[in-house]
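Below is one structure, written out as structure tokens, with a few remarks after it.
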Amino acid sequence: MQVVTENYGAQSPEKLIHRLVAQLGNHALWDALLIFLPPLIVAIYLLVYFFQAAWIGPLGLFLMIVTVAGLVLLAVLFRYRPLVPSVGSAARLVDDHTGAKDRFLTLLTIEPSPNAASLVSRLRMEAAQFQTRIELKRDFPFQIKRSFYWSVFGSMVAALLFHLFLPTVHSILHPLPTHERLRQLAEKMAQRPRLSELARGLQTLATKIEDPKSAAPEKQALIQQMQEKVEEQQKRPEQKDNQDLLGEASSTLQGLEQQSGGGQNQQKDQDKGGGGIQSNLPQEGQGEGKQSQGSGGDSKNDQKAQLSKEMEQGKSAQGAPQDQGKENNQQKSGEGKGTQPDPNKPDRNQNNEATGKTAGTTAESGGRGKPSEEIPRGPPPAERFNPGGDQGKEGIKGARYVTVQLPEELAADAKGESTVTREGRGGQVRPKIPVSNVPLPAHVPDAPTEKQQMPLEYRGVIR
Amino acid sequence: MEPENFQVMFRRLEAEVQKVIVGNSDVIRKVLIAFFAGGHVLLEGVPGLGKTLLVKSLSQALGMSFKRIQFTPDLMPSDIVGTEVLTESNGRREFQFKKGPIFAHVVLADEINRATPKTQSAVLEAMEEKQVTVFGESHLLESPFIVLATQNPIELEGTYPLPEAQLDRFFFKLLVTSPSPAELREILQRTTGAETSEISKVLPDDSGKMIAAMTQLLRQVLIAPPIEDYVVRLVHATQPHSSNGGVAGAPVKQYLRFGSSPRGAQSVILGAKGNALAEGRVHVSYEDVEKVIYPALRHRIILNFQAEAENVNTDQILAEVIKQVRRN
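Going down the list, the sequences are from chains C and D.
Per the numbering used here, residue 1 is the first one in the first sequence, and the count goes up by one each step.
Per the numbering used here, residue 1 is the first one in the second sequence, and the count goes up by one each step.
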């Protein structure tokens, strides 16, 4: 056995491999850090943005930055640990670079046994000869990996998207008031000479809408006036270049008109809905009615605003008298918190009761009745009909039903008779509970035929 | 023995055999590796490729005793291992064991697949235990002992293919291929001229000791645990129905009936060690493993009917296995 000299120059092959492991470990750490650095920077930037926008306070900012930094550190750790090379893999790297045919791998991973000591030392010597072919810094330089560039790109895209969608999200979450929208539009129009007059008009309208003292009809009239002006301008050939702004103004004004018109219509509904039908069925379109009432009425007014479609049809058939019975409604509810009284139309108070009755009747007749038609007589609507939300004396809690109260029954109720049991005309026993959801009586072959109830709208005529 | 001495001796033996055998240098090297690893070799090739000559030359180069057994259907086990014969000496008759041709260092079992299974199995004990038992008496074979069996892959009529158990006892199965035109020209020049090559003995007179030392050195060759693990995974990947975490790929599942035995893994490791020493290294590399995996495993994996029908051979399966199993 030849004597193996243990002089391996600067370091032994084992030390070289351990140095390489440390170096590659550092590279892996840098790789992991670089991947998560851009998202961290973007996250901190967003947090600072939120802080400057006063969405979060200084303590929140601090806590969130600490949390984000902690999360990033954890992510770096999880990414880094599997990337740290083992001694074996580092040795294989060196073998591949030097063409040592797995000498470093064998030397670094083998468990030396006494009988093979000479072979191990021989192997170490051979590996040391190959060691001169490698220089760690030259052969294993640190290179920024593609994942870093992807991370930078992704982070920048995320920041960009944030800035792109922030105004949209903000406007959805906090929509601009109508007068502000009008003002913005007016400012845009003011920059174009041909639209300066319209711009001034819109400014005035915005001021009016903003002013709580100005009356609704006045606003309505102003809106209609502005709309006409806009339409007129749209038709002019010289305004071809301004069609975009005019279209925008037109749609805004239309929306505004519908908004204010809807509110008034809803008030009409409330006025007309003084009697007839009460329902606890879920209704659509509650929001509009409330919005038109300003701050929103009490629960009774809300429920009355949700009348059935037949009633709405009845109103339209009547020619939509806008504020009929409004004050009547206020009286009936006794609270009238949400409704805005119209001080400009005091003369309508005179016919409150009459219009209220008409409205109630026409509502039930599905719009076919005429204003001149004779109406059922009896106490005023407020007394004849159950108030909104009241399920009646025999109401079933939580049931889905429609209560129809006829004027005769109401009169009987006023006298103290129960609507539950009472002999009807012709001595027939009438149902004890509201008629609408009562199951039909069992068929008796020889029983006298039940007299059909006369439709409400014809009763006055036949009598 | 020093690794350098091993390499020198190995190279000299190779060169000596190559004096008479042209080409097939890989076969010669593998036969020598199997010899120093203590294994037996199955040589497969068509007639006339020099299989018998190779074995004869090897025994001459090694300076070992050589016997040839021509396997035929009427060959009896006693014709191989020997038998008790009645002898008379000094007026007394007694049975005396007469050794068969198996009692030699290098035994050529020519056309082993022509003998009946009964006769073939007689060689089994000799190959594995390095002893024979006749009439209840065991007789040790000489050491070193190597059986070099040949078989013809094309003449299968009237043959008895070796059973899997017997195939498993061969360290390597080597395929002797036809010579290239240049090699054939060389063969003609050497064999049809007036001058013929003579093989000289390479090993010294105490060749037994030297061979034992070389065998000992071969087993000391270093092998890294990741390379050992690679061999384990390779052998395990040949199991088509492995229930203990095997990684059998699609070709293995499709074409194999049985995978390699643990003897296969032993052959791979020892063969790789022999190859490393032959190349002057004291450690096994991944390349050594991949060089010996074909001769070590090709006869240990059993093809199914589909593979036979589609003419898929074991070397193709092993190539797929090597592709699938990653180095550590």
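For each residue, glycine too, the CB sits at the ideal point set by N, CA and C.
For residue j and residue i, the rounded distance between their alpha carbons
i, j, result
"glutamine 70 of chain D", "alanine 109 of chain D", "6 Å"
"arginine 169 of chain D", "histidine 18 of chain C", "44 Å"
"alanine 28 of chain C", "tyrosine 80 of chain C", "6 Å"
"methionine 64 of chain C", "isoleucine 56 of chain C", "10 Å"
"tyrosine 294 of chain D", "alanine 224 of chain D", "21 Å"
"glutamate 288 of chain C", "proline 82 of chain C", "Caution applies to glutamate 288 of chain C, whose pLDDT of 39 falls short of 50 and renders its modelled position unreliable; the value that the coordinates give is listed next. Looking at the two C-alpha atoms, the distance is approximately 60 Å."
"glutamate 44 of chain D", "proline 161 of chain D", "12 Å"
"valine 252 of chain D", "isoleucine 302 of chain D", "10 Å"
"serine 171 of chain C", "proline 177 of chain C", "11 Å"
"valine 312 of chain D", "alanine 90 of chain C", "39 Å"
"threonine 133 of chain D", "lysine 118 of chain D", "15 Å"
"aspartate 79 of chain D", "glutamate 2 of chain D", "41 Å"
"leucine 136 of chain C", "leucine 34 of chain C", "22 Å"
"alanine 190 of chain C", "serine 196 of chain C", "5 Å"
"glutamine 18 of chain D", "asparagine 24 of chain D", "9 Å"
"asparagine 26 of chain C", "glutamine 11 of chain C", "20 Å"
"leucine 32 of chain D", "isoleucine 199 of chain D", "16 Å"
"proline 112 of chain C", "valine 120 of chain C", "7 Å"
"glycine 193 of chain D", "glutamate 186 of chain D", "11 Å"
"glutamine 7 of chain D", "leucine 277 of chain D", "6 Å"
"valine 21 of chain C", "leucine 61 of chain C", "39 Å"
"glycine 100 of chain D", "aspartate 205 of chain D", "25 Å"
Within-9 Å CB hit, residue i to chain C
i, result
"valine 41 of chain D", "no"
"glutamate 290 of chain D", "no"
"arginine 326 of chain D", "no"
"isoleucine 33 of chain D", "no"
"leucine 218 of chain D", "no"
"serine 57 of chain D", "no"
"isoleucine 322 of chain D", "no"
"histidine 332 of chain D", "Nothing can be reported for residue 332 of chain D, as the shown portion of chain D is limited to 1 through 328."
"tyrosine 160 of chain D", "no"
"isoleucine 223 of chain D", "yes"
"isoleucine 227 of chain D", "yes"
"glutamate 111 of chain D", "no"
"glutamate 287 of chain D", "yes"
Helix, strand or coil at residue i [DSSP, three-state]
i, result
"histidine 163 of chain C", "helix"
"glutamine 143 of chain C", "coil"
"lysine 201 of chain D", "coil"
"valine 147 of chain D", "strand"
"serine 12 of chain C", "coil"
"arginine 326 of chain D", "coil"
"threonine 109 of chain C", "helix"
"histidine 283 of chain D", "strand"
"glutamate 195 of chain D", "coil"
"threonine 83 of chain D", "strand"
"lysine 213 of chain C", "coil"
"leucine 162 of chain D", "coil"
"leucine 156 of chain D", "coil"
"glutamate 364 of chain C", "At glutamate 364 of chain C, the pLDDT of 43 sits below 50, so the modelled position is not reliable and the matter cannot be decided from this model."
For residue i, the residue or residues it bridges with in DSSP
i, result
"glutamine 131 of chain D", "D/Leu140"
"serine 95 of chain C", "A quick correction: the sequence has aspartate, not serine, at residue 95 of chain C. The partner list for aspartate 95 of chain C (beta bridge, DSSP) is empty, contrary to what the question assumes."
"serine 89 of chain D", "D/Arg92"
"alanine 109 of chain D", "D/Ile69, D/Ala149"
"isoleucine 302 of chain D", "D/Phe258"
"lysine 173 of chain D", "D/Leu42"
"phenylalanine 97 of chain D", "D/Glu84"
"leucine 222 of chain D", "D/His283"
Any chain D beta carbon closer than 9 Å to residue i
i, result
"glutamate 135 of chain C", "no"
"valine 120 of chain C", "yes"
"threonine 109 of chain C", "yes"
"leucine 123 of chain C", "yes"
"alanine 128 of chain C", "no"
"threonine 106 of chain C", "yes"
"glycine 88 of chain C", "yes"
"alanine 22 of chain C", "no"
"arginine 103 of chain C", "yes"
Checklist entry - Fully enclosed by the region 160–211 of chain C, which alpha helix (DSSP H) runs are 4 residues long or longer? => result Taking only runs of at least 4 residues, the alpha helix (DSSP H) segments lying wholly in the region 160–211 of chain C are 178–190, 196–210.
Next on the checklist: As an exercise, report each continuous alpha helix (DSSP H) stretch of at least 4 residues that is fully enclosed by the region 15–81 of chain D, in chain order.
Outcome noted: Unbroken alpha helix (DSSP H) runs of no fewer than 4 residues, entirely contained in the region 15–81 of chain D, are found at 25–37, 51–62, 77–81, following chain order.
Item to check | alpha helix (DSSP H) segments (min. 4 residues) lying fully within the region 45–93 of chain C | outcome: 58–83
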